Structure formats: C-alpha cells, structure tokens
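A.B. asks: Here you go, one structure.
There are 2 protein chains.
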Amino acid sequence: MIYSSELIKGTLKTIVLKLLADNKKMYGYEITQKVKELTFDKIQITEGALYPTLHALESDGLVTTETEYIGKRVRKYYSLSPSGKNKTKEKVSELADFMDTMKFLLDIKTKTV
Amino acid sequence: MIYSSELIKGTLKTIVLKLLADNKKMYGYEITQKVKELTFDKIQITEGALYPTLHALESDGLVTTETEYIGKRVRKYYSLSPSGKNKTKEKVSELADFMDTMKFLLDIKTKTV
DNA sequence: TCATATACATAAGAATCCGATGTATCTTTG
DNA sequence: CAAAGATACATCGGATTCTTATGTATATGA
C-alpha cells in the first residue's frame, strides 16, 4: 500500500528537514531511498517533488550544499544551516501536535447535538 | 497556534467525511464551527476550502444533500451515502496508518551510516 | 550489451487551499 | 433602532505543491 499523494502534501519539507537533522548530510537520491526504506515503501518521494523542495530549502537559507564527485558522477550533499536546525524543531513539533489533533478528531464519536 | 495551511491539505476531505460519519447530517457552516471547537481553534477551515470540497464529495456520490429553510435563510445539509460510508472507513484508516508512519519517521534517530 | 540503478534537473499540468468578494438574513447590543 | 457581528451560502483569481514526463549522463550487474 502506498499512501494517496494528497497525504504527502505539506509533510515533505518536514520529512526532509528531519532526515537532515538526524543524518548530518545527505544527497537527494539518498533521501528518496531512505524514506522508502524507513516507511517500508509506503512513502515514495518522487524526484519531481524532491528536487524543487531541496532548492527551495536552499534559497530559504535552511540548508547548505557541497558537491562531490563519485567517479564522474555528481553528488550534491545537503546539510542543515543553524536556522535550518531551528526550523526543523518548529516544523517537527508542529507536525507532531497536528497529528495528535488529527488522532483526536478521528477517534472521537461526537453526538454532542 | 494555528497549523500552517499546508498541513490541512490532503486531510480536509477525510475530516469532513469523518464528521459526517459521526453526526449523521451537518451543514457547511456547522462543520467549520465543529472543527474549530473540537480542535480548540487550531484548525480553522475556510469557506473557500470547504464548499468546493463538499461539492466535490457530492459530485462523487459520497454525500447526499437536503435543503432546509431556517426562516428565510437556506441551510444545506450533507449526509453520507452508502459509498460515502465505505470511503470514510478507507480514508480514516489510511490516515491513521499514515500518522503512525509519520510518527515513526519523526521520532527516529537514525545514524545508520 | 542491455536493462537497471544511480544522480542530477526542469517543466507542463493537475489538484488543492487561501484570501477576497459577493449576497443575504438573523441576532445582539449600545 | 441602527450598526456590528454572527449565520449561511457561493465563486474566483492566485499561490503552492505535487505528479508525470522528459532530458542528460554515468555506473553496474546479468
């Protein structure tokens, strides 16, 4: 089972930031594979979604990049900047809070007419 | 604190379906107020988001409508159709599953280099 | 050698939500 | 009793975000 794409919307940026917080530095392709692995294939980040997101994080100053060559192939590593670390904390706690709220909404049986 | 709007994306339809499942019939304005109340103002559904969503649910055959007049003012009630009830179960369990996955992603400290 | 994996990137289009605007009625309060 | 605020519907332009497709190129395994 793969989650319907609407669910990913709005959480992708937070997922990426969190992964970078836990792994110091990662490159794009690695991120897609890591998410796939950690979620047992339930979340598959497409490249068309990931790269624009990474570029946006960079232009917002939340991540810095360094390019490496593996043989002749380029690899672009991303790391959190100091402001990126703060942003990650905010985003993660907001999402955690949101999920608690959603859980409450989904479990509730209100017949409070 | 109000959640950043990106988070709502993808969950709105499920929230609405779940509310209708728990409350038999509701009208648009009532839904916005109920969500606001149940989430202690953290989720505020705008009308510009809600009404198109309700119309989409209707044209997908997931809800049926009945119009009532309160004095001279129109009130449009929405109820789940049989297929809407099935869809609600699917959507709710998918979202619950997704939240578990996200919780796992957010809590994890992977330094599995 | 040919398919698959690795690795980057962009771009058109779809989907979804926000904010603004519009219309109208009802209720509360100074 | 007038004005403000709440109730109640609706639409629309614009922004954001993701999908799908496409493009380029190298590396690896069968």
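If you read the sequences in order, they're chains A and B. Going by my numbering, the first sequence opens with residue 1, and the numbers climb by one from there. Going by my numbering, the second sequence opens with residue 1001, and the numbers climb by one from there. Note that CB positions come from ideal geometry on N, CA and C, so glycine has one too. Fair warning: this is a prediction, and the values are worked out from it, not measured in the lab.
#1: How big is the Cα-Cα spacing for P82 of chain A and T1039 of chain B?
#2: Use the C-beta contact count for F1098 of chain B: other C-beta atoms within 10 angstroms, 16 or more gives buried, fewer gives exposed.
#3: Quick one, which of B:I1002, B:A1021, B:S1005 and B:Y1077 has its alpha-carbon nearest K1089 of chain B's?
#4: I need the DSSP call for Y1003 of chain B, collapsed to helix, strand or coil.
#5: Output, in sequence order along the chain, the residues in the region 1074-1107 of chain B whose CB is closer than 7 angstroms to any CB in chain A.
#6: Just tell me which of B:A1056, B:V1035 and B:S1079 has its CA closest to the CA of E1066 of chain B.
#7: Using a Cβ-Cβ cut-off of 8 angstroms, state whether K18 of chain A counts as contacting chain B.
#8: Beta carbon of M1026 of chain B, beta carbon of Y1077 of chain B: below 8 angstroms?
#9: Any idea if Y179 of chain A is buried or exposed, counting beta-carbon neighbours within 10 angstroms, 16 or more meaning buried?
C.D. replies: Short version:
#1: 32 angstroms
#2: Label assigned to F1098 of chain B: buried.
#3: B:A1021
#4: coil
#5: V1092, E1094, L1095, A1096, F1098, M1099, T1101, M1102, K1103, L1105 and L1106
#6: B:S1079
#7: Closer than 8 angstroms to some Cβ of chain B, the Cβ of K18 of chain A qualifies, so yes.
#8: yes
#9: Here chain A covers residues 1 to 113 and nothing more, so residue 179 of chain A does not appear.
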